Every structure is written in structure tokens, then in C-alpha cells.
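Numbering of the sequence shown is given in our numbering, commencing with residue 2 and proceeding in unit increments. Even for Gly, the Cβ is constructed at its ideal location relative to N, Cα and C. As the structure is a computational prediction, the values presented were derived from the model and not from experiment. Written out below as C-alpha cells is the structure these notes cover.
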Amino acid sequence: MLVSAKEMLNKAKAGKYAVGQFNINNLEWTKAILLTAQELNSPVILGVSEGAGKYMCGYTTVVGMVNGMINELGITVPVALHLDHGSYEAAKKCIEAGFSSVMFDGSHYPIEENIEKTKELVAICEAKNISLEAEVGAIGGEEDGVVGSGEVADPEECKMIADLGVTMLAAGIGNIHGKYPENWAGLSFDTLDAIQQLTGDMPLVLHGGTGIPAEMIQKAISLGVSKINVNTECQLAFAAAVRKYVEAGKDLQGKGFDPRKLLADGVEAIKATVKEKMELFGSVGKA
Ligand code: 13P
């Protein structure tokens, strides 16, 4: 059964570790992530961007697939199905469709409008026991056509949004989606520290988990980050493994063209990436 991310994140914040949000793109992705979470006895959050939701034939299809897998694979660790960077409309659609968690990304609105829309969603989510992530200070980089400029959030604005009663808060601290450029300045720990001082127990979310060095991840967790989002890194690992398989000519040997064989190394690569992240985030054994 899908669960809200509230309990797992509050436990993570108190226990000084982070739960990974791994974005899903299809059946193989979802299965790989769920099996790894179960094997490592770790809570997990499956992230679905609006683009990925469309690609997978809509939110109800995603809910059906994930619920089916939880049953068929005997998954007993806590799993939250979460809308990633949703618009106000998409958040409502996902709530209707059966997601257990949603993110409303109002970071591109003026703060007053972000507050207004977040407030409405807080009421809806509370009534349905669905966790809600809000965002202050756009995350840089490009994801599914959503481009952010990599702002650093204003801690006072973070407090205003946190006080609305959201479950978790994403705040820009110099993090960006996708690969980090050579000249990246790194995470702004002063900002993170200021945000955590003002928001107290609120679980903080670090987007753009791909490519952040291990020491920075650990420091971020020590300063209140309890959810870390990873997407690109699984995609890169998958693509590299499938490329290797094809370049070795394996698809031309016997029944190597069978998609179950063609994609198998890619699936193993996703599992290895998720395992590495769960170990780094400290969520192993915390289910
Ligand atoms: P990366 O693709 O950089 O890992 O970021 C994922 C993310 O933050 C999803 O919201």
C-alpha cells in the first residue's frame, strides 16, 4: 500500500538521514527501484514529473502500475508515490488519481501567490492524508522543459511557506537539476543553515541529487535535509549499460534483441545506483 511521505521524512529528520526520491520513467525503472528498496529495507519515494506522467499514459496508469507492483513483488517497505515539480492543476489531478504525495512548485510565482496556492493545497492534502512538498527559490537547470535559474532561497520566505503546514520544503541552495557544470560554486550551506534554524523540524528537500559530492550530501543531511531527489544519475547509468550491451553486439547474438535481455543490464545499473544512494543517504535498514 502506498503511504504518505510524512512519517518516513519526520523519522529521517529526527534520525539524521535522508530518504531518496528516485524518479521513474517506465516499468523497468519502477521495478528496479522498488526491488532495491525492499532488498535494503529502506523507505523510498517514487518521483513522477508531469512529463514522465504523460509519457507513462497518465497518472491513473502510474498509480495502477505502482500499486500492482507493490502487491505482486511483495513490497513491504514504505513507498510514497510523489508528483515532482507539479503545477497546481497537476497536483490536484494526482491527488484524484491516487498519489500519496505531491509537490506543488510555486517557486516561479511571486511569494504571495505561492503562499496562496500552497495554502489551498495544504487543506486538500490534509483532508486526504497526502504529503505535500512546497518550493521556495527555483532549482536551476532544466527538467522536462521546466527551466530554473538556480536561485538561493530567502530563509524568511521559507519560514512563511513552512508555517502553512506543508510536509516538507524544497529550497534552492545553489543546487541544479542534471549534471553540475565544471565551475559550479557548490551548495550554499550558510543558506541551508539559516533555513533550518527558522523552519525547525520541517524536513528539507534537496533537489538535483545527481553529481553532488558525498561530503556535501552528508553535510546537507547534518543541516536538516531529509529527502534527496535523484533522477539524471539513474538515466545516465541505464543508458551507459544499454550502450555497452549494444556496442558489444549482444543484441545480435541469439535472442539478445528480446527487450527483457536488451534492457536487463540497464535495469541492474539503476539498481546499483539506487543502492549506492541509499547507502550514502543512510536510509538502509530504516523501513
Ligand atoms: P537530478 O536529475 O539532477 O538528479 O535531479 C532530480 C530532481 O531534483 C528531481 O526533482
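- At least one heavy atom of the ligand 13P falls within 7 Å of the beta-carbon of residue 231.
- The nearest non-hydrogen atom of the ligand 13P is less than 7 Å from the C-beta of residue 234.
- Look at residue 24: its beta carbon is less than 7 Å from one of the heavy atoms in the ligand 13P.
- Beta-bridge annotation (DSSP): residue 109 is not paired with any residue.
- One Cα belongs to residue 49, the other to residue 85, and the distance between them is close to 5 Å.
- Linking residue 128 to residue 263 through their CA atoms gives a straight-line distance of about 45 Å.
- Just measuring C-alpha positions, the residue of 257, 112, 57 and 9 sitting nearest residue 24 is 57.
- Contact between residue 81 and residue 108 is absent: CB atoms are separated by about 21 Å, not below the 8 Å threshold.
- Within the DSSP secondary-structure output, residue 46 pairs in a beta bridge with 22 and 81.
- Excluding the 5 residues flanking it on each side, residue 242 has same chain C-beta neighbours closer than 6 Å at 266, 267 and 270, in chain order.
- With respect to residue 206, residue 174 sits apart: the two C-beta atoms are not nearer than 8 Å.
- When C-alpha distances from residue 284 are compared across 7, 6, 21 and 91, the shortest belongs to 21.
- Taking each of 15, 229, 46 and 103 in turn and checking the Cα distance to residue 125, the smallest one comes out for 103.
- 88 is the residue among 88, 61 and 93 whose C-alpha sits nearest the C-alpha of residue 115.
- Beta-bridge annotation (DSSP): residue 134 is paired with 104 and 169.
- Cβ neighbours of residue 64 within its own chain (closer than 6 Å, five residues either side excluded): 98 and 99.
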